[in-house]
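Peer 1:
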Amino acid sequence: MKSRWYARFPRAVPVGIFVLTMAITGVSVYAIERAERQRETAQLGQIAQSVASGLERRANASSAYLRSGAALFATQRVVEAPLFQTFIGQLHLNGTYAGSDGIGWAMKVNRQDIPTVEDVIRRNGDPAFAIRPRPAASARFVVPIMYLQPDSERNRRAIGFDMHSEPVRRSAMQTAERLGRPTATGKVVLQQEGPGGGSPGFLIYMPVYGLGGTRVEQNLRGFVYSPFNARQFLEASIDTVSMEPAGIRLYDQAVAPANLLAEVPLASRSGLVARRAIDLAGRRWVLEVEAPASAMLSGMSVMTLLFGLLVATLLLVLARVLTHQASEDREALAWFEQQASIRNSLTRELNHRVKNTLANVLSIIALTRRRATSLDSFADSLEGRIRALSATHDLLTQSEWGATPIRAIVKAEMAPYAQDAERHLVLDGPDVDLAPNDALSLGLAIHELATNAAKYGALSVEDGQVSVRWAMVADNLARIEWQERGGPAVSMSGRRERGFGTDLIEKIVAHELRNPVDLRFDPEGVSCTLTVPVRRRGDFAIRESKA
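Here the sequence shown is numbered in the numbering used here, starting from 66 and rising by one per residue.
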């Protein structure tokens, strides 16, 4: 029978099903994680867009305040403190300056007018006012901070600082003067942070020109500006209530550690970022939003993985049970086929042996009939010989028609005659087993010898003795010697005529054993030597050879 693949590979099939199920689970988890990643990326992009919009709104609001201040101050010959304070009050900021530190006025002062300006400011209520740092020899003018609202201890630190003396501020002021619109500086540290420095910031400048003039250096009167602490500006521009937790970094022009303006840090970084470029008052900024680090697998992925593992395990167990059952069924079928083959062989063997036994019985009947002188003698002789066959058959049945020991055959055939086995019978020899047919032939021979000894020989008298000795004379031959002692003397001259027992031993048994039989009637007692073949067990044990 051609075996099925799942029966041929009982271990590989369950493992293959488990691996296939886990592979499908792995693909599903990958798809879920990919979708989750895309969702996080889209969500991160929305957060970045929201933050960028908030920053631009704050910057535009500050620029609008600065434009209105520039329009007002352009109509005034001199911007004095009461006018500046009135302007701030009219904006109705109520303490909120769109994320900045306030709004200030920086006036352009020619080098030769510095003492006069300082004297005027001191006389108008600020006795400590001084322009700093002192201008270099090559400087033609300075742009000091004159006013800065709200009036706080922090903002007072910046009053009098010449912003034109610092390169980053100067570059932004020059650009604002040239373009005539609000312009943001690069990364700076505000004067409000004090001598020890502080977190980075930036400023937005709006130039103020005199009425009727052109945008040339002579007509520039100063700048309305707003200083910003970058961290405060960033925090004021984002909606921390509705926004998902994220890390936010603000860079000036390009993403680089040296250009970092402000950061809302993360406890653990994930590496998943979204970037947006922002045009803030003419300055390019880069906003970077990073998602927080999350678990290696999402909740849905973990559930899918656990479910897939459970299904794979159940399928593994089910497949193992089915393949094991298939394997057992296959073995059972093979066993039934083997048993059927054994039964067929045994039936043929039994048929053959029954025929042989019946042939032996027919031969025994024919010879007994020719030798019998009366019906009673015929019946007695026939009964004894058939009983001998029956006794040997019993031994063969007990051994399941396998090998039968020589000692057991001799004892079974001698049992009716040797009442006292120790006195009448001597058995000596190794353990030698005979095939069924050879055992039957030896049993008939021993029966005939024992019958003759009981009638005429050693077993017919009280002191008679029979010895049966055997030994192996070759790898496949055993020699059995029958010797009678102590019986009536055998008279050679008065020897009885040849009987059926002699013919059976010398002809039938010799033919069956395929070796000659040496039968002698010596005066001291009958002796008989038989050579019996000893066959290997596999040559006749049908069941065992098939198994």
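No residue lacks a Cβ here, since even glycine has one placed at the ideal position from N, Cα and C.
Report the option in I313, A342, L325, A319 whose CA atom is closest to the CA atom of L331.
Peer 2: I313
Peer 1: May I have the straight-line CA-CA distance separating D191 from I269, to the nearest angstrom?
Peer 2: 25 Å
Peer 1: Which class does F194 belong to by DSSP, given the choice of helix, strand or coil?
Peer 2: coil
Peer 1: Should A617 and P209 be called a contact, given that it needs their Cβ atoms to be closer than 8 Å?
Peer 2: Because the chain in this structure spans residues 66 to 612, residue 617 falls outside the shown range and cannot be described.
Peer 1: In the DSSP assignment, what residue or residues form a beta bridge with V273?
Peer 2: G287
Peer 1: Under 8 Å between the Cβ atoms of A519 and Q530?
Peer 2: In this structure, A519 lies away from Q530, with their beta-carbon atoms at least 8 Å apart.
Peer 1: Would you identify the three-state DSSP class for P147, choosing helix, strand or coil?
Peer 2: helix
Peer 1: Which one of A391, S128, E546 has the shortest CA to CA distance from R246?
Peer 2: S128
Peer 1: With 16 as the cutoff for other CB atoms within 10 Å, does F372 come out buried or exposed?
Peer 2: exposed
Peer 1: Quick check: what's the CA-CA separation for M271 versus S359?
Peer 2: 45 Å
Peer 1: Could you spell out where the alpha helix (DSSP H) holding L120 opens and where it closes?
Peer 2: 77–138
Peer 1: Could you check the C-alpha separation between R76 and S392 for me, to the nearest Å?
Peer 2: 11 Å
Peer 1: Once DSSP output is grouped into helix, strand and coil, what is the label at I430?
Peer 2: For I430, the secondary structure class from DSSP, reduced to helix, strand or coil, is helix.
Peer 1: Going by the CB atoms, is the gap between G225 and A195 shorter than 8 Å?
Peer 2: Between A195 and G225, the CB-CB gap stays under 8 Å.
Peer 1: Which residues does DSSP pair with E355 in a beta bridge?
Peer 2: G312, V338
Peer 1: Alpha carbon to alpha carbon, what distance is there between N416 and R452?
Peer 2: 21 Å
Peer 1: In three-state terms, what does DSSP make of D344?
Peer 2: strand
Peer 1: Does V281 come out as helix, strand or coil in the three-state DSSP assignment?
Peer 2: Residue confidence for V281 is low, a pLDDT of 46 falling below 50, so the modelled location carries little weight and cannot support an answer.
Peer 1: According to the neighbour-count rule (16 or more other Cβ atoms, all chains shown, within 10 Å of its Cβ), is E84 buried or exposed?
Peer 2: Reading off the sequence, residue 84 comes out as Val, not Glu. Within a 10 Å sphere around the beta-carbon of V84 sit fewer than 16 other beta-carbons, which makes this residue exposed.
Peer 1: Anyone know if the C-beta pair for V526 and G552 falls short of 8 Å?
Peer 2: yes
Peer 1: Below 8 Å, how does it come out for the region 377–386 and the region 335–354: are there three or more Cβ pairs, yes or no?
Peer 2: no
Peer 1: Which term fits W58, buried or exposed, when burial requires 16 or more other beta carbons within 10 angstroms of its beta carbon?
Peer 2: There is simply no residue 58 to check, as the chain begins at 66 and stops at 612 in what is shown.
Peer 1: Going by DSSP, name the residue or residues bridged to S592.
Peer 2: Q548, R585
Peer 1: Would you mind giving the Cβ-Cβ distance between I545 and I471, rounded to the nearest angstrom? I have them listed as a contact below 8 Å.
Peer 2: 7 Å
Peer 1: Excluding sequence positions up to five away, which residues of its chain have a Cβ less than 6 Å from the Cβ of A124?
Peer 2: L345, A346
Peer 1: Out of I168, V94, E121, which has the shortest C-alpha to C-alpha gap to L156?
Peer 2: I168
Peer 1: Within its chain, find whatever has a CB closer than 8 Å to the CB of E101; leave out the 5 residues flanking it on each side and keep chain order.
Peer 2: So the list reads S363, M365, S366, once near-sequence residues are dropped.
Peer 1: Classify S291: buried if its beta carbon has 16 or more other beta carbons within 10 angstroms, exposed otherwise.
Peer 2: buried
Peer 1: Taking the beta carbon of I474 as the centre, do at least 16 other beta carbons fall within 10 Å, making it buried, or is it exposed?
Peer 2: buried
Peer 1: Go through its chain and collect everything with a Cβ distance to R540's Cβ below 6 Å, but skip five positions before and after it.
Peer 2: With the sequence shown as reference, residue 540 is identified as Asp, and Arg is not the correct amino acid for it. None.
Peer 1: Going by DSSP in three states, G364 sits in which element: helix, strand or coil?
Peer 2: helix
Peer 1: Can you round the beta-carbon distance between D583 and T567 to whole angstroms, since I take them to be within the 8 Å contact cut?
Peer 2: The pair is not a contact, with the Cβ atoms about 12 Å apart (cut-off 8 Å).
Peer 1: Assign A193 to one of two classes, buried (16 or more other C-beta atoms within 10 Å of its C-beta) or exposed (fewer than that).
Peer 2: exposed
Peer 1: According to DSSP, which residues form a beta bridge with V170?
Peer 2: For the sequence presented, residue 170 should be read as Trp rather than Val. Partner(s): Y212, V289.
Peer 1: Residues in its own chain within less than 6 Å of H229 by CB, not counting five upstream and five downstream?
Peer 2: V207, V208, R235
Peer 1: Taking DSSP as the reference, what is the three-state secondary structure of R579?
Peer 2: coil
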